[in-house]
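Structure first, then comments.
Number of protein chains: 2
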Amino acid sequence: MYQRKKSRPVRIGSIQIGAGLPVAVQSMTKVQTTDVDRCLEQIGRLTSAGCRLVRLAVPRRADTQALVQIVRQVQIPIIADVHFSAQRAIEAIEAGSAKVRINPGNMSREDILTVVDAAKANGVAIRLGVNEASIRDLSDDVPPNKRVRLMISRIREYVQLCEDRGFDQLVISAKSSDPIRTIQTNRAIARSFDYPIHIGLTHAGLPEDAAILSAVTLGTLLAEGIGDTIRVSAAGDPVEEVHVAYAILEALGLAERRSPELVVCPTCGRTEIDLLALARKVKASLQQVPGPVRVAVMGCVVNGPGEAADADIAICGGKGKAFLYHKGKKVTVVPEAQLADAVQRMIAQLSRVGDHATAKTKV
Amino acid sequence: MYQRKKSRPVRIGSIQIGAGLPVAVQSMTKVQTTDVDRCLEQIGRLTSAGCRLVRLAVPRRADTQALVQIVRQVQIPIIADVHFSAQRAIEAIEAGSAKVRINPGNMSREDILTVVDAAKANGVAIRLGVNEASIRDLSDDVPPNKRVRLMISRIREYVQLCEDRGFDQLVISAKSSDPIRTIQTNRAIARSFDYPIHIGLTHAGLPEDAAILSAVTLGTLLAEGIGDTIRVSAAGDPVEEVHVAYAILEALGLAERRSPELVVCPTCGRTEIDLLALARKVKASLQQVPGPVRVAVMGCVVNGPGEAADADIAICGGKGKAFLYHKGKKVTVVPEAQLADAVQRMIAQLSRVGDHATAKTKV
C-alpha cells in the first residue's frame, strides 16, 4: 500500500529501529521512578502487552539511582526521559539506559555535547525530542503557524551538533497536541533527515479522546511510510496506550495481529435480533482466545454471508434467529435466546492458536 | 496541509456535497423504519449532534410507507438504503428521499436503469455503494488482494451505465471491513472518477474498536484530500458515530470545533498530583460549556506553561498543588484538595461562547 521510508538503523539495547524494521511500540511508566516495585509491575505488564521500549522520567538524583535497580530487573531496553539537566542524563547512561531522551527546548548546546559524549562512549542512543509546548519561546510567543518551522530548525541545529561530534545514533521526534502540526512537522522531518522517527501526539487527552486523535495522526503518518517507533500518549494505564498503538499498526498491516478481531455490523432498520448485546457477549468470550481469530457478528443477509466467508466464526442474523457459520460454511440455525451460548461454545472450540483465516491484504 | 480533491457538486435535498464543500457527516437509524416515533427520535438527536444526512433501511413495503411520514417530519435530507429491490428504490423516491443508496453487488443492470430514470425524473441523487462483502463472488471466491480491482471495476461499470442514461447526480462509495483495502479502493476511486466520494469502513465493530479503525482509515483518506461525506459505522447509538466523525474531522481541521477541547498530559514519573482523577472531573465540568473552549490539564513544568499559553484555562501540577492559568497568565496556586472546585469555578465563568483561544493551524 505504501513504501516505508527507510532511515539508517539505530540500536537501542537489544533492539534496532529504523532501516525498515518493524515499528516499535513504546510507552512510559506513570508512577514515581523511585517506586521501583510499581515501576517493575508496570514494565512487566507493558512487556506482556507487546511494548518493546519503556521510558521513565528521571527528574531527581533519586530517580537515576532507582533506575539502576530497574534496568537490572527488566527484559526490555529502558529509555531515560531527561529535561533541563545534563547531569541526570549522564547518571541515566551510567545506570544502564539504552537510550536517553533529551529536549532541545530546555537544554543548552554545551549540555547536549556533554550528554552526546557520554552516550557515544557507552553505546547509548539519543532521542532529540522536541515538544511544541516546550520549544515555543514564551517570552516572545511564536504563533501556531510558525511553530512547525521553529521545531524543524531547532532539530536541524541539534542534529548538526551531534553529527559534528561524530554521533549518529539519533532518533528524532517532534510532538504537539495539535494533530495537523504534528503531521506537518513529521512530514518535514522525513524529508529532511534519515534518522529513525519517533511519532506521537503529545498531550492527547483522556484515553477515549487520545485513541481517536492518535489514530488519525499516527495513522496518517504511518500510511505515508513515516514512523519507526510510536507512542500513544494517553492519561491512564500505560498498557492501554500499547493496545491502541497495536490497533493502529494492525489496521495498517504494520504489525502481526495479536488479538481476536471482532467484525460487527453497525445495525440498521434491517436488524431483527439484539445484535449489540450479542456482540458484547461475543467480545467477552473472545477474551479467552489466545490467538488471532476473526469473528463476524452481522445483522442481515446483505453482507452477512460475505463477511462469514472471511471469518473463523460468523453470526448472520435473521428474524428472531441467526445462522452460524464456521470458516464460511453455514453450520446451524439457532433461536435468538440460545445464540450467545452457541457462539460461546464455538469460540471455546477455537482452542488452537493459528486456527484462523484473516483476510488482511499483504502489503 | 493538503489539497481537497474537488469533485463535481451533487445536490442531496437541501444540501450539496462535493466541489470542495465541507465534509458532510452522515449516519443511519438503528430501529425498524416502521417504528416512526423511534426513528424520529434518533433523527432528532442525530441532527442536534451535527449529522447532516440520515439514512434509513427500507427492506419491506411497510418501510417505504413509513418513510413518507418520516420525511415530512424531519429537517435534514433523508437517504433510503436499498438492496436487492428496484421497487423499494422507486417507492423510496416517491416517498421523498433526497438520495437513494443502491448496491451494485445485488442489483441487476436493468433494475439500476429503472432506479436511475426515477431518480432523474425526481431530482434525487444516487449513491453507488459497493461493499466488499456483498460484491465478492461467493460461488467463485475472489481472494482479498483481487477485491480492490473487483470493487473498482464494478463501480466503473455502473457509473458508465448511469452516464449513458444522462445521469450524473452520483456519489460513489466502496467499503470493506479491512482498513487497508478501504484506503486502497478509495485512492483508486479518487484517481478514476470526479464524483463526490462517501467514505467509511463498513463493519467496524463495537464503538471502542470502530473509533480507532475509523480514525485510522478515514483520517488517512481525509488527510490525502479524499472524502466528501463520511460515515463512522459502529454498533450502538448512532449519535456516538457522529461524535467520532466530528472528532476525526476536527483533528484534521476539516470541521469547526463544536465542543470543548481537553488537553491532558499522559502523566509520568514527574507527576505529583492525581492528574487522571482531576482530568475526569474537568471533563465532567466541561459538559456544561456550550462552545469551543480549550482546557489543558498538565502534570509538570516541562510542557505545562507552553500548553497553558494556548489554552483558555490550564492547570499545571506541582507537588501536592497546582498553578492555575487563564489565557496563558498564571492567576493562582491551589492546594490539590481544592483543585477540582477551583477549576470548576473557572470553567463556570467561561459562559460566553467564543471566549476561547484555540491554536489550530488554519489550512
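Quick mapping for you: the protein sequence lines, in order, are chains A and B.
Following numbering that gives the first Met the number 0, the numbering of the first sequence begins with 0 at its first residue and continues without gaps.
Following numbering that gives the first Met the number 0, the numbering of the second sequence begins with 0 at its first residue and continues without gaps.
We put the CB at the ideal spot given by N, CA and C, even for glycine.
Identify the continuous beta strand (DSSP E) that holds Val-332 of chain A and give its terminal residues. 328 to 334
Can you grab the Cα-Cα spacing for the pair Asn-185 of chain B / Val-147 of chain B, in whole Å? 9 Å
Are the C-beta of Ser-232 of chain A and some C-beta of chain C separated by less than 8 Å? Absent from the structure is chain C; the protein chains it does hold are A and B.
Taking Cβ positions only, does Ser-172 of chain A come closer than 8 Å to chain B? no
For Leu-275 of chain A versus Gly-235 of chain B, is the C-beta spacing smaller than 8 Å? yes
Pair every Cβ in the segment 223 to 234 of chain A with every Cβ in the segment 183 to 197 of chain A, then say whether three or more of these pairs are closer than 8 Å. yes
According to DSSP, is Gly-305 of chain B helix, strand or coil? helix
For Pro-304 of chain B, I'd like the list of residues in its chain whose CB is within less than 7 Å of its CB, leaving aside the five on either flank, ordered along the chain. Cys-315
Residues of chain B with CB under 8 Å from Asn-302 of chain A, in chain order? Asn-130, Ala-132, Ser-133, Thr-201, His-202
Among A:Arg-279, A:Ala-278, A:Gly-319, A:Gln-343, whose alpha-carbon lies nearest the alpha-carbon of Pro-334 of chain A? A:Gly-319
Beta-carbon neighbours of Ile-211 of chain B, restricted to chain A and to distances below 8 Å: Ala-210, Ile-211, Ala-214, Val-243, Ala-246, Ile-247, Ala-250
In whole angstroms, give me the CA-to-CA distance for Val-9 of chain B and Met-150 of chain B. 22 Å
On the DSSP bridge assignment, give the partners of Leu-323 of chain A in chain order. A:Ile-314, A:Thr-331
Would you tell me roughly how many angstroms separate the C-alpha atoms of Arg-344 of chain A and Ala-308 of chain A, rounded to the nearest one? 20 Å
Looking at C-beta atoms only, is the number of pairs between the segment 278 to 293 of chain A and the segment 238 to 253 of chain B that lie closer than 8 Å three or more? Counting Cβ pairs under 8 Å, fewer than three are found: no touch.
To the nearest angstrom, report how far apart Ser-133 of chain A and Met-297 of chain B are at their CA atoms. 12 Å
Rounded to whole angstroms, what is the Cα-Cα separation between Tyr-245 of chain B and Lys-5 of chain B? 21 Å
4-residue-minimum alpha helix (DSSP H) runs that sit fully inside the segment 132 to 166 of chain B, ordered along the chain: 143 to 163
Does the beta carbon of Gly-19 of chain A fall short of 7 Å from some heavy atom of the ligand COA? The ligand COA is absent from the structure shown, which contains no ligand whatsoever.
Going by CA-CA distance only, name the one from B:Ala-120, B:Ala-97, B:Gly-317 that's closest to Ile-16 of chain B. B:Ala-97
For Val-262 of chain A and Asn-302 of chain A, what's the separation of their Cα atoms in angstroms? 11 Å
If we count the other Cβ atoms within 10 Å of its Cβ and call it buried at 16 or more, is Glu-230 of chain B buried or exposed? Position check: residue 230 of chain B holds Arg in this sequence, whereas Glu was assumed. Buried, since its Cβ has 16 or more Cβ neighbours within 10 Å.
Can you list the residues of chain A that Leu-274 of chain B reaches, using a CB-CB cut of under 8 Å? Ala-234
Run down chain A in chain order and give the residues with a C-beta less than 7 Å from the C-beta of Leu-269 of chain B. In the sequence as presented, Leu is not what sits at residue 269 of chain B; that position holds Arg. Using a Cβ-Cβ cut-off of 7 Å, Arg-269 of chain B is close to Ala-56, Pro-58 of chain A, given in chain order.
Please name the residue, chosen from A:Ser-176, A:His-197, A:Leu-220, A:Tyr-194, that lies closest to Ala-203 of chain A on a Cα-to-Cα basis. A:Ser-176
Pairwise C-alpha distance: Ala-210 of chain A and Tyr-157 of chain B: 38 Å
Alpha-carbon to alpha-carbon, Val-30 of chain A and Val-73 of chain A: 16 Å
Closest to Leu-217 of chain B by CA distance: which of B:Ala-118, B:Thr-266, B:Val-24 is it? Nearest to Leu-217 of chain B by alpha-carbon distance, out of B:Ala-118, B:Thr-266, B:Val-24, is B:Val-24.
Against chain A, does Ile-92 of chain B count as a neighbour if the rule is that its beta carbon must be under 8 Å from one of theirs? no
Verify whether the separation of the beta carbon atoms of Pro-206 of chain B and Arg-269 of chain A is less than 8 Å. Contact flag unset, no.
Any beta carbon from chain A within less than 8 Å of Cys-264 of chain B's own beta carbon? yes
Chain-ordered chain B contacts of Pro-178 of chain A [CB-CB under 7 Å]: Near Pro-178 of chain A (Cβ distances below 7 Å), the residues of chain B are Ala-250, Leu-251.
Have a look at Gln-2 of chain B and Arg-180 of chain A and give me their C-alpha separation to the nearest angstrom. 16 Å
Is it true that the CB of Met-27 of chain A sits closer than 8 Å to the CB of Pro-237 of chain A? yes
Under three-state DSSP, which class holds Leu-253 of chain B? coil
Find the residues of chain B that neighbour Gly-305 of chain A, judging by a C-beta separation of less than 9 Å, and give them in chain order. Gly-104, Asn-130, Glu-131, Ala-132, Ser-133, Ile-134, Arg-135, Leu-137
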